[in-house]
Amino acid sequence: GSGSVTITPTAAPVVDTCIHTDGNLVVNGCFESNVVTHGWDVYKTGTLVGWTVQWLGGNPCLPTEPGFTGAQLELQRGILGPEYEGQQHAELDADCNTSTNDTRSGEAGSVKIWQDIPTVVGNWYKIRYTYKSRPDTSSSTNGIKAYWGATNVATTGHASSWTVKEVVVQATGTTTRVMFADNGTPD
Numbered sequence: 124g125s126g127s128v129t130i131t132p133t134a135a136p137v138v139d140t141c142i143h144t145d146g147n148l149v150v151n152g153c154f155e156s157n158v159v160t161h162g163w164d165v166y167k168t169g170t171l172v173g174w175t176v177q178w179l180g181g182n183p184c185l186p187t188e189p190g191f192t193g194a195q196l197e198l199q200r201g202i203l204g205p206e207y208e209g210q211q212h213a214e215l216d217a218d219c220n221t222s223t224n225d226t227r228s229g230e231a232g233s234v235k236i237w238q239d240i241p242t243v244v245g246n247w248y249k250i251r252y253t254y255k256s257r258p259d260t261s262s263s264t265n266g267i268k269a270y271w272g273a274t275n276v277a278t279t280g281h282a283s284s285w286t287v288k289e290v291v292v293q294a295t296g297t298t299t300r301v302m303f304a305d306n307g308t309p310d
């Protein structure tokens with residue numbers, strides 16, 4: 124899962140927490156704005172603060188499941204033990220149901236999430252995110268690709284503990300999309 128995302132101009136210091144940080148251009152970078160109350164839950168674009176969600180490889184949900192009408196991001200609270208920052212993280216291999224009506228599991232629910240960030244042409248930015256693999260799963264099912272615009276700037280694999288990844292990127296437009304996509308086997 125992805126724990127937190129911070130993007131700051133490189134002239135600004137990187138702050139260790141992403142909750143209400145000065146200079147962070149990402150909205151809801153710690154995935155705390157939608158409060159999970161049952162261990163995990165799913166949120167669609169429009170109900171998920173700050174992020175747009177899209178299924179990778181088609182819709183895995185049945186017509187009777189909530190996810191059938193739109194891609195959704197699974198947010199978890201306390202599932203992987205202590206979080207790196209905050210109390211929640213995002214799972215990019217999402218479920219079709221909510222935690223209170225989960226009738227099946229193992230759906231091939233891989234998603235990508237993104238935000239369009241205001242940027243200044245030629246300026247440099249630091250993308251900082253944390254990630255951790257799901258326990259008791261194959262390393263082939265755990266991976267994240269990070270994009271700045273259309274460019275894949277980082278690919279991460281298995282990590283048994285929370286790991287910080289930082290990438291410095293340059294803006295080529297006044298708005299740049301930052302995107303994270305599941306890079307593991309959908310399950």
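Just so we're aligned, residue 124 is where the sequence shown starts under our numbering, counting upward by one.
Using N, Cα and C, we set each Cβ at its ideal position, and we do this for glycine too.
- If one requires a minimum length of 3 residues, the beta strand (DSSP E) runs lying completely within the region 198 to 263 are 211 to 214, 234 to 241, 247 to 254, in chain order.
- Between Ala282 and Val276, the C-beta spacing is not below 7 angstroms.
- Distances from the CA of Val158 to each of Gln238, Ala294, Gly209, Thr242 were compared; the closest alpha carbon is that of Gly209.
- Between Lys249 and Val287, the C-beta spacing is not below 7 angstroms.
- Counting every other CB atom within 10 Å of its CB across the protein chains shown gives Pro258 a total below 16, marking it as exposed.
- Take Asn151, set aside five residues on each side of it, and the residues of its chain with a beta-carbon closer than 6 angstroms to its own are Val172, Gly173, in chain order.
- Non-local C-beta neighbours of Thr168 in its own chain, meaning closer than 6 angstroms and more than five positions away in sequence, comprise Thr175, Val176, ordered along the chain.
- Selection Thr298, Gln211, Gly181 evaluated against Val243 yields Thr298 as nearest (Cα-Cα).
- The C-beta distance from Leu203 to Ala213 rounds to 11 angstroms, too long to meet the 8 angstroms contact threshold.
- Counting other Cβ atoms within 10 Å of its Cβ, Ala294 reaches 16 or more and is therefore classed as buried.
- Counting along the chain, Phe303 sits inside the beta strand (DSSP E) bounded by residues 298 to 305.
- With a threshold of 16 other beta carbon atoms within 10 Å, Ser256 meets it and is buried.
- Our two residues, Val301 and Asn246, have alpha carbons roughly 15 angstroms apart in a direct line.
- Setting aside the 5 residues that flank it on each side, Thr279 is surrounded in the same chain by Tyr254, Gly266, Ile267, Lys288, each with a C-beta closer than 7 angstroms to its C-beta; the list follows chain order.
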